[in-house]
Amino acid sequence: MASVRAVLIDIDGVLTMSWKPLPGAVEALHAVRAAGFAVALVTNTTSRTRASIAATLSEAGFEVGAEDVLTAPAATAAHLAEHHPGARCLLLNSGDVTADLGDVTLVEEGADVVVVGGAGPGFDYAALNRAFGELQRGARLVAMHRNLYWRTDAGLQLDSGAFLPGLERAARVEAEVTGKPSPAFFAAALGRLGVDAGRALMVGDDIESDVLAAQRAGLTGVLVRTGKYQPETHENASGTLDHVLDSFADVPALLRPAR
5 MASVRAVLID IDGVLTMSWK PLPGAVEALH AVRAAGFAVA LVTNTTSRTR ASIAATLSEA
65 GFEVGAEDVL TAPAATAAHL AEHHPGARCL LLNSGDVTAD LGDVTLVEEG ADVVVVGGAG
125 PGFDYAALNR AFGELQRGAR LVAMHRNLYW RTDAGLQLDS GAFLPGLERA ARVEAEVTGK
185 PSPAFFAAAL GRLGVDAGRA LMVGDDIESD VLAAQRAGLT GVLVRTGKYQ PETHENASGT
245 LDHVLDSFAD VPALLRPAR
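When the letters of the sequence shown are read in order and numbered with the working numbering, they come out as residues 5 to 263.
So, in structure tokens, the structure goes:
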């Protein structure tokens with residue numbers, strides 16, 4: 005802890021649930037900032053833009069601006085610009101995130117790349133089959149994440165990671181993943197904060213995509229028992245977690261001895 009200078013924080017399930025603050029989260033984020041730690045909010049949320057997320061969090065009492073937020077769609081735009089410049093992209097996603105996709109060219113057919121975002125009402129058979137057709141015709145597959153589910157105040161909800169393996173197997177392709185758990189996603193967040201992985205902490209509720217993925221990228225991992233956390237998933241984790249806390253409200257106490 006003594007070397008930690010930056011904190012990466014997942015949003016959904018860590019700071020909020022259905023965009024409502026979890027107990028103690030607003031105060032804890034303020035305490036982390038007041039202690040001098042650099043902060044980045046890193047999320048696989050694909051239903052809102054960075055500006056919309058920041059506005060919603062700000063209204064809820066969090067000290068957050070759009071510049072503090074890194075989303076999977078924004079990371080996807082950077083990935084497409086670097087690895088598939090000028091590509092025509094078919095977007096399969098629930099929610100309008102076009103503002104975060106920048107200059108990406110979106111099409112309904114004749115795609116060079118199929119981009120899979122988050123699941124929702126529009127993630128139906130027709131949409132999946134259209135994506136499958138483009139992949140059969142040679143399009144590449146880019147996925148914003150592999151999340152299996154997320155938690156709302158109505159319970160766990162299926163996400164696109166539950167469908168992505170089917171597309172991969174049917175089309176005999178492998179997706180390029182741009183959000184968590186991609187090492188490039190964590191590297192982008194660290195680059196924004198100007199710190200290396202050994203001086204950063206990642207706080208998340210997803211054992212594999214948030215915490216263990218961050219640890220593999222060289223960060224210190226902190227799992228919180230909120231959001232999508234489930235004891236059975238914890239017991240069957242693919243690695244050993246650096247820290248496990250009841251909630252984000254406990255993070256300032258974890259960091260305090262280092263200061």
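We put the beta carbon where it would ideally sit given N, CA and C, even for glycine.
Beta-carbon proximity of residue i to residue j, cut-off 7 Å
i, j, result
"Asp246", "Gly225", "yes"
"Val118", "Ala135", "yes"
"Ala35", "Leu197", "no"
"Thr60", "Asp104", "no"
"Ala191", "Met206", "no"
"Thr230", "Ser213", "no"
"Leu132", "Ala147", "no"
"Glu138", "Leu94", "yes"
"Leu145", "Ala179", "yes"
"Arg9", "Arg260", "no"
"Thr182", "Ala79", "yes"
"Thr50", "Gly122", "yes"
"Val101", "Thr156", "no"
"Ile211", "Thr244", "no"
"Ala166", "Pro187", "no"
"Ala6", "Leu19", "no"
"Ala143", "Gly106", "no"
Limits of the alpha helix (DSSP H) - the one that residue i falls within
i, result
"Gln234", "Neither: Gln234 is in no alpha helix (DSSP H) and is coded neither H nor E."
"Thr60", "54-63"
"Leu197", "187-197"
"Leu171", "168-175"
Identity of the residue in the options nearest residue i by Cα
i, options, result
"Asp163", "Asn48, Val8, Leu26", "Asn48"
"Gln140", "Val120, Glu172, Leu152", "Glu172"
"Gly126", "Gly106, Asp107, Asn97", "Asn97"
"Phe41", "Leu26, Val18, Val11, Ala70", "Val11"
"Pro25", "Leu110, Arg37, Ala38, Glu67", "Glu67"
"Leu194", "Pro235, Ala39, Val46", "Val46"
"Arg150", "Pro185, Ser242, Ala82", "Pro185"
Continuous beta strand (DSSP E) stretch holding residue i: start and end
i, result
"Val207", "204-208"
"Ala10", "10-13"
"Ala42", "42-47"
"Leu139", "Premise fails: Leu139 lies in the alpha helix (DSSP H), 129-140, not in any beta strand (DSSP E)."
"Leu216", "Note, Leu216: premise wrong, no beta strand (DSSP E); not H, not E."
"Thr75", "73-75"
Three-state secondary structure assigned by DSSP to residue i
i, result
"Pro25", "strand"
"Asp254", "helix"
"Arg92", "strand"
"Glu86", "helix"
"Thr102", "helix"
"Val267", "Only positions 5 to 263 of the chain appear in this structure, which leaves residue 267 out of reach."
"Thr244", "coil"
"Thr50", "coil"
"Ala6", "coil"
"Thr109", "strand"
"Glu31", "helix"
Cross-strand partners of residue i (DSSP beta bridge)
i, result
"Tyr153", "Leu162"
"Gly225", "Met206"
"Glu180", "Val146"
"Val120", "Leu96, Ala147"
"Thr20", "Asp16, Pro25"
"Leu249", "Val228"
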